[in-house]
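Residue numbers (my numbering): -3 to 306. By construction, the Cβ of each residue, glycine as well, lies at the ideal position given by its N, Cα and C atoms. Here's the structure, in structure tokens; my notes come after.
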Ligand code: CP
């Protein structure tokens, strides 16, 4: 097949076939990442700008590494180091960057819809690296890649995603991605962190996390997104942890070979204890490793690397 999307804004826009194509394309990039010399000339002469208006460790670093391993020139711009602090608008900032002829802009922004806004106004490819509470497509793809790697498939699996569902862009992208690929998705969290109508996206919603974990193949924990909440949505972190934190006892409700995932950053002792975060069922650093391969595939496809044939 050919991949004909100029921009990568959300998983909602992609078909199951396109998602599988991206995951399959990522396999060869993972192999490159494990070589002694981790660089190929695929995007030589291309310029990629990472434009990050929000903090990031994993996404920004892995997009930068991904671009460099494909031999592209990668430039990082953060809000604090840009003229945004002098009052420049997002559109003006982006148009000025585009005037320097980059091939792709990878953007993280606190406003939902910001990547789509730019994609409609710029000629270069725009890749959404997380926009507000909307989507985080590369995270869902690296999660799907990791699940497929550990379980050998995605279709037919049950995935429980637990935490602050309302404010999570990761959960929205994962619901789209995993249900399109044939998994059953359950989401769970306190009633104040479960948006009404979330089940209309194709998942089941629970306020009792034991019910969500029971029989699951994958348990994905999310942190409380304090930076996106207004008034406190829980009486205390201690109480949240007691009712919605993962424990060894709760994990026993899942299938015996369950894997535990987390997009990071982890709040140890809140959504899960260190003994689980670092325990035998965790695949959290596999997610991080796979993030580089998946982002190499996304840059390759968005920057018009040769159209791949299957
Ligand atoms: N998972 C994730 O997006 O992490 P960062 O915020 O560190 O990029």
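Quiz prompt | For residue 101 and residue 64, the rounded distance between their alpha carbons | solution = The sequence position of residue 64 within the chain shown is 68, counting from 1. The sequence position of residue 101 within the chain shown is 105, counting from 1. Going by the C-alpha atoms only, they are around 14 Å apart.
Self-check item: Close Cβ partners of residue 242 (< 6 Å) along its chain, the five nearest in sequence each way excluded
Solution: Within the chain shown, numbered from 1, the residue matching residue 242 stands at position 246. Correct list, in chain order: 217, 268 and 272.
Quiz item: How do the region 276 to 295 and the region 51 to 65 stand: do at least 3 beta-carbon pairs fall below 8 Å, yes or no?
Solution: yes
Self-check item: Pairwise C-alpha distance: residue 145 and residue 103
Solution: Taking the chain shown and counting its residues from 1, the one referred to as residue 103 is at position 107. Taking the chain shown and counting its residues from 1, the one referred to as residue 145 is at position 149. If you take the alpha carbons of residue 103 and residue 145, they lie about 28 Å apart.
Quiz item: Would a C-beta distance cut-off of 9 Å place residue 286 and residue 256 closer than the cut-off?
Solution: As a first step, residue 286 must be located in the chain shown, where it is residue number 290. As a first step, residue 256 must be located in the chain shown, where it is residue number 260. It is not a contact, given that the beta carbons lie outside the stated cut-off.
Quiz item: For residue 214 versus residue 156, is the C-beta spacing smaller than 9 Å?
Solution: Numbered from its first residue, the chain shown carries residue 214 at position 218. Numbered from its first residue, the chain shown carries residue 156 at position 160. The answer is yes: Cβ separation under 9 Å.
Quiz item: How would you label residue 245, buried or exposed, when you count the other beta carbons within 10 angstroms and need 16 or more for buried?
Solution: Mapped onto the chain shown, residue 245 falls at position 249. The residue is exposed, with fewer than 16 neighbouring Cβ atoms inside 10 Å.
Self-check item: From 84, 90 and 137, residue whose alpha carbon lies closest to that of residue 13
Solution: The sequence position of residue 13 within the chain shown is 17, counting from 1. Among 84, 90 and 137, the Cα nearest to that of residue 13 belongs to 137.
Practice problem: Kindly indicate which three-state DSSP category residue 82 falls into: helix, strand or coil? | Solution: Working through the chain shown from its first residue, we reach residue 82 at position 86. Residue state, collapsed to three classes: helix.
Quiz item: Around the ligand CP, what residues have a beta-carbon under 7 Å from a heavy atom of it, in chain order?
Solution: 51, 52, 53, 54, 55, 56, 126, 132, 135, 166, 259, 260 and 261
Exercise. May I ask you to report which of helix, strand or coil DSSP gives residue 258?
Key: In the chain shown, the residue the question calls residue 258 occupies position 262. Correct three-state label for residue 258: coil.
Quiz item: In the structure shown, what three-state DSSP assignment does residue 48 receive?
Solution: For the purposes of this step, residue 48 is identified with residue 52 of the chain shown, where counting begins at 1. Reduced to three states, the DSSP call for residue 48 is strand.
Quiz item: Where in the region 52 to 134 do unbroken runs of the beta strand (DSSP E), each at least 3 residues long, occur, reported from the N-terminal end onward?
Solution: 69 to 74, 100 to 105 and 121 to 127
Practice problem: Would you kindly work out how many angstroms separate the C-alpha atoms of residue 53 and residue 45, rounded to a whole number? | Solution: Stepping through the chain shown from its first residue, residue 53 is reached at position 57. Stepping through the chain shown from its first residue, residue 45 is reached at position 49. One C-alpha to the other measures close to 16 Å.
Quiz item: For residue 250, which residues from the same chain have a beta carbon less than 8 Å from its beta carbon, with the 5 sequence-adjacent residues on both sides left out?
Solution: Counting from one through the chain shown, the residue named residue 250 turns up at place 254. Closer than 8 Å at Cβ, skipping near neighbours: 156, 209, 210, 211, 212, 213 and 215.
Quiz item: Under the rule that 16 or more other beta-carbon atoms within 10 Å means buried, what is residue 129, buried or exposed?
Solution: To locate residue 129, count along the chain shown from 1; it is residue 133. Flag for residue 129 reads buried.
Quiz prompt | Distance, residue 159 Cα to residue 148 Cα | solution = Taking the chain shown and counting its residues from 1, the one referred to as residue 148 is at position 152. Taking the chain shown and counting its residues from 1, the one referred to as residue 159 is at position 163. Residue 148 and residue 159: Cα-Cα distance of roughly 26 Å.
Quiz item: How about the region -2 to 16 and the region 161 to 180: do they share at least three Cβ pairs that are nearer than 8 Å?
Solution: yes
Quiz prompt | Residues sharing a beta bridge with residue 200, DSSP | solution = Within the chain shown, numbered from 1, the residue matching residue 200 stands at position 204. Paired residues: 182.
Self-check item: Nonlocal neighbours in the same chain, by C-beta distance under 6 Å from residue 47, ignoring five residues either side
Solution: On the chain shown, residue 47 is found 51 positions in, with the first residue counted as 1. Hits under 6 Å: 73, 101 and 103.
Exercise. Check whether the Cβ atoms of residue 123 and residue 108 sit closer than 9 Å, and answer yes or no.
Key: Taking the chain shown and counting its residues from 1, the one referred to as residue 123 is at position 127. Taking the chain shown and counting its residues from 1, the one referred to as residue 108 is at position 112. No, the pair does not count as a contact, with Cβ atoms beyond the cut-off.
Quiz item: Between the beta-carbon of residue 221 and the beta-carbon of residue 164, is there less than 9 Å?
Solution: On the chain shown, position 225 is the one that residue 221 refers to. On the chain shown, position 168 is the one that residue 164 refers to. Contact: yes.
Quiz prompt | Three-state secondary structure assigned by DSSP to residue 0 | solution = Along the chain shown, one-based indexing puts residue 0 at 4. Correct three-state label for residue 0: coil.
Quiz prompt | Whole-angstrom C-beta distance between residue 15 and residue 140, which should lie under 8 Å | solution = As a position in the chain shown, residue 140 is number 144, starting the count at 1. As a position in the chain shown, residue 15 is number 19, starting the count at 1. Rounded, the Cβ-Cβ distance is 7 Å, consistent with contact.
Quiz item: Out of curiosity, what's the CA-to-CA distance linking residue 86 and residue 199?
Solution: As a working note, residue 86 is residue 90 in the chain shown. As a working note, residue 199 is residue 203 in the chain shown. Cα to Cα, residue 86 sits roughly 34 Å from residue 199.
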